[in-house]
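Structure, as structure tokens:
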Amino acid sequence: MYSLIVRNARLNDQIVDIAVSDEKIAAIAPAIPEQGQKEIDAAGRMVSPPFIESHIHLDATLTAGEPKWNESGTLFEGIQTWALRKQSVTHADVVNRATTLLKWQAAQGVLHVRTHVDVTDPKLTGLKALLEVKEAVKDWVNVQIVAFPQDGMLSYPQGAELVEEALKLGADVVGAIPHYELTRDYGVESVRLAFRLAEKYDKPIDIHCDETDDPNSRFLEVMVAEAIRTGMSREVTASHTAAFGSYDNAYAMKLMGFIRRADINFVANPLINITLQGRADTYPKRRGITRVKELWQNGLNVSLGYDDVMDPWYSLGTGAMIQPAHMAVHVSQMTGRSEVMACYDMVTSNAARTLGIAERYGVAVGKPADFVLVDAPDKWEAIRRLAVTTHVIRGGRVIAETRPPESRLLGERITFTK
Ligand code: FE2
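Numbering (our numbering), first residue to last: 40 to 457.
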């Protein structure tokens, strides 16, 4: 007997029933005759693999307004505000805030989260707290931790040693921040160091790379060269690469060829890039986002992150991944029908490749029974309507339910469809 059957779900333009047993998807067919111990009527809603958060900072999340709001909204006031808030950061404080945000995300169908954690702290408070959180939440969300040296590997005392210590303690991914090192030389060396650590500890790499409008910030080319030299490709992720949006086309086109050779992953954070970059511009004002559309057109793997939810750098947000996908459509001008749907993939299947979990991800027989129902018939409608995730299934168990909004005007039901 099946433990769960979801009926009338839309999968790739077909209406199907999905049966679950032993925490796996056991059958997918137009009509499954057996009864399930529990049944859900999807009523034609899209079934989707779970949403994935490719890039967030759970150690700083949910601190907006403490001890003050970032009124200018700039990166610099964010750093100043965080310096104040950082004084009261404790183990319990990080555990509580990170767990709360993971609950928000899981309730909205996000079942895999890659978080960066600042390890330029001799006590590694954030890291130790997030290692505890990762273990405590593992039954309902899969967390990956990036050892992220916010103040630099060479520009902060013992920065590189702290990254290595974090890896020894259990961090899953090697981080770096080359554009924020004191010199170009330090930046180049930090990228090489990250690759050396990745090889030594057999870990993937995710580097905050060129998160600036400065067209002379060219650490992406260093990452690409290291990826080609070491043969690492899909284990390597370049996060942000905002400066790629400011490079002149002659350089950018040459670089794109090298990127194709390296075949690394990219993560853009459209909500944050559009708000934090371009601040030194008057008009015309740059969008501050990497070349998402062109990377996608070149067959490269791009996924999207939220980056910040209610912290000193971005005081808004709920953690619903449909929002960065919606913003990517706009800020990257991906408004074509296939382009909009590609932006949905950037918070689901592409992100699974970034996190290295593609093999056990997807709605197919034999895969883990981790999937969501979205209140829309397809990816395009999900983004257009910023659709709600109505059911979240993890390991064959319904772990979250949300009632979609219902509008009535003078007694008539308004559905926002043609
Ligand atoms: Fe970030």
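The beta carbon of each residue, even a glycine, is placed where N, CA and C say it ideally should be. Remember, it's a predicted structure, so these values are computed and weren't measured experimentally.
Count the other C-beta atoms from every protein chain shown that fall within 10 angstroms of the C-beta of residue i, then say buried if there are 16 or more, exposed otherwise.
| i | result |
| --- | --- |
| A319 | exposed |
| G405 | exposed |
| E92 | buried |
| I453 | exposed |
| F115 | exposed |
| G344 | buried |
| P444 | exposed |
| Q336 | exposed |
Going by DSSP, what residue range makes up the beta strand (DSSP E) through residue i?
| i | result |
| --- | --- |
| I422 | No beta strand (DSSP E) holds I422; the alpha helix (DSSP H) holding it covers K418 to R423. |
| D80 | G75 to D80 |
| I396 | Unbroken run through I396: none, as it is neither H nor E. |
| N47 | Y41 to L50 |
| N304 | N304 to A307 |
| R436 | R436 to E440 |
Expressed to the nearest angstrom, what Euclidean distance is found between the alpha-carbon atoms of residue i and residue j?
| i | j | result |
| --- | --- | --- |
| R223 | R299 | 24 Å |
| T387 | P88 | 7 Å |
| L169 | T441 | 27 Å |
| V275 | T393 | 8 Å |
| N288 | D409 | 42 Å |
| M40 | H151 | 29 Å |
| E204 | T428 | 39 Å |
| T159 | G191 | 7 Å |
| A359 | A439 | 14 Å |
| L412 | S194 | 46 Å |
| A237 | V202 | 11 Å |
| K259 | I184 | Note on identity: in this sequence residue 259 is Leu, with Lys being the wrong assignment. When rounded, the distance between both Cα atoms is 22 Å. |
| T138 | R231 | 33 Å |
| E171 | L449 | 52 Å |
| T456 | A145 | 28 Å |
| F234 | A210 | 15 Å |
| K418 | V379 | 8 Å |
Sort out for me which residues DSSP pairs residue i with in a bridge.
| i | result |
| --- | --- |
| A233 | Answer by DSSP bridge pairing: none, since A233 is not bridged. |
| F90 | V149 |
| F346 | Before going on, a small fix: residue 346 reads as Asp here, not Phe. Looking at the DSSP assignment, D346 forms a beta bridge with I95. |
| F283 | According to DSSP, F283 bridges with nothing at all. |
| Y353 | D350 |
| K63 | S60 and P407 |
| M85 | R49 and V413 |
| A68 | D56 |
| L448 | E451 |
Which residue marks the beginning of the alpha helix (DSSP H) containing residue i, and which one marks its end?
| i | result |
| --- | --- |
| D384 | R376 to D384 |
| H365 | I361 to V370 |
| K406 | Taken as a continuous stretch (DSSP letters only), K406 belongs to no alpha helix (DSSP H), as it is neither H nor E. |
| V331 | V331 to Q336 |
| R299 | N288 to A301 |
Within the region 159-208, note down every full beta strand (DSSP E) run reaching 3 residues or more, in order along the chain. 181-187
In chain order, which alpha helix (DSSP H) runs of at least 4 residues are fully inside the region 235-278? 259-269
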